[in-house]
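Here the structure comes first, spelled out in structure tokens, and everything after it is commentary.
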Amino acid sequence: TVTYKAKPTSTTSETIATTSASMVLNGTTLTTKNISLTFTADMTASMEVTDGAGTKVYASSLPDGSTIQFKIHVDNPKSTAVKATIKDTLPAGLSYVSSTGGATNSGQTVTWNNIQIPAGGADYTIDATLKNAGGKTMTNSATITADKKTISTNSVVVYGMEAPTIAVTANGKDADKQTVGTDQKLSY
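Under the working numbering, think of the first position of the sequence shown as 1372, with each following residue one higher.
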């Protein structure tokens, strides 16, 4: 038994070909001719998170109401499209706004079901807003299932900024609240 193990060195495929090969096994010379083996690279995926202007905000503290975008990049090294399902469950503290590529949203889960990932790959995005995220650490990643394999993106982290606590007193009267969110007013 001869076992060939190889992993492609490129993002597409690699073919190993030879006109003949021989080996000695138990004193007998075995010869093969015209061997051609093709190894295809596996699909890979990554994720990044940006603000509305496209600036990366990985591990940044953001206030409630901030809109962020998760970009899922799926690399398809094959020469043809691949049928796949992408699933991303948004962590608590994020509220779904929209997505690209025909995804559906149910609660916190965004799904692209039975989509065609073109040769070379594609990007899929989710826009979300921070809601009641003060002091929370939110870690997000997605899974991609294709060709009977499931892979995951890297994880990205966003921190919800703590709302400042203030004490406002005017003419001996306290303000109506001690925690103030973006664009909120105090009365006293």
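Even for Gly, the Cβ is constructed at its ideal location relative to N, Cα and C.
Owing to the predicted nature of the structure, the values given are computational and were not obtained by experimental measurement.
Contacting residues, own chain, Cβ-Cβ under 7 Å from residue i (five flanking each side not counted)
i: threonine 1471; result: Tyr1495, Thr1496
Beta-bridge partners of residue i, as assigned by DSSP
i: asparagine 1476; result: Val1481
i: threonine 1456; result: Thr1516
i: methionine 1509; result: Val1529
i: methionine 1418; result: Ile1443
For residue i, three-class secondary structure by DSSP
i: leucine 1461; result: coil
i: lysine 1427; result: strand
i: threonine 1496; result: strand
i: lysine 1378; result: The predicted position of lysine 1378 is uncertain, since its pLDDT is 42 and thus under 50; a value taken from the coordinates is nonetheless stated next. Coil.
i: threonine 1524; result: coil
i: aspartate 1437; result: Per the sequence shown, residue 1437 should be read as serine rather than aspartate. In the structure shown, serine 1437 sits in coil (DSSP, three-state: anything other than H, G, I, E or B).
i: threonine 1399; result: strand
Neighbourhood of residue i by C-beta distance below 8 Å, restricted to the same chain and skipping five residues each side
i: threonine 1480; result: Lys1458, Asp1459, Thr1460, Leu1461
i: serine 1469; result: Ile1497, Asp1498
i: serine 1526; result: Met1418, Thr1510, Asn1511, Ser1512
Burial state of residue i (16 or more Cβ within 10 Å)
i: glycine 1506; result: exposed
i: lysine 1556; result: exposed
i: glutamine 1440; result: buried
i: asparagine 1485; result: exposed
i: threonine 1516; result: exposed
i: alanine 1504; result: buried
i: glycine 1464; result: buried
Own chain, CB closer than 6 Å to residue i, minus 5 neighbours either side, in chain order
i: aspartate 1446; result: Thr1415, Gly1492
i: threonine 1521; result: Thr1514
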